[in-house]
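Just so you know, the working numbering puts 1228 at position 69 of the sequence shown, and the rest follows in order with no gaps.
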Amino acid sequence: ALFVAQAFGIHLNLAAQVGIVLTGTLASIGTAGVPGAGLIMLSMVLASAGLPIEGIGLVAGIDAVLDMARTCVNVTGDMCVATVVAKSEGEEF
1160 ALFVAQAFGI
1170 HLNLAAQVGI
1180 VLTGTLASIG
1190 TAGVPGAGLI
1200 MLSMVLASAG
1210 LPIEGIGLVA
1220 GIDAVLDMAR
1230 TCVNVTGDMC
1240 VATVVAKSEG
1250 EEF
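Below, the structure written as structure tokens:
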């Protein structure tokens, strides 16, 4: 969202930047672990900050590559947590 604001020449004060960080954090917590969900959440953050939704077009071109890495990290994290929980419950894996 900060990149979109800079690209469109929109000045954000500190309160707006903190609001974007908080909205982005809450959006990331509530995001489903599926590929492509990042652009949907970006649209929510842009709308809540009053930034132009057209900025998604600037990010969409490179998001496919970044999305693969995010999905890989998400799946790896889920597997690690499942392994830790299984081990703490005494299950074999």
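From the three backbone atoms N, C-alpha and C, an ideal C-beta is built for every residue, glycine too.
Whole-Å CB distance - L1205 paired with A1160, under 8 angstroms assumed | Indexing the sequence shown from 1 puts residue 1205 at position 46. Indexing the sequence shown from 1 puts residue 1160 at position 1. The C-beta distance from L1205 to A1160 rounds to 6 angstroms, short enough to fall under 8 angstroms.
Would L1181 count as contacting chain D if we go by Cβ distances under 7 angstroms?
-> In the structure shown, chain D cannot be found, because there is only a single protein chain.
Neighbour-count burial assignment, G1249, 16 or more Cβ in a 10 Å radius | Along the sequence shown, one-based indexing puts residue 1249 at 90. Looking at its Cβ environment, which holds fewer than 16 other Cβ atoms inside 10 Å, G1249 is exposed.
As assigned by DSSP and simplified to three states, the class of L1171 = Position 12 of the sequence shown, counted from the first residue, corresponds to residue 1171. Three-state DSSP puts L1171 in coil, outside helix and strand.
How would you label A1267, buried or exposed, when you count the other beta carbons within 10 angstroms and need 16 or more for buried?
-> Missing from the structure shown is residue 1267; the chain here goes from 1160 to 1252 and no further.
Could you please give the first and the last residue of the uninterrupted alpha helix (DSSP H) stretch that includes I1199?
-> Here residue 1199 is taken as the residue at index 40 of the sequence shown, counted from 1. Residues 1196-1208.
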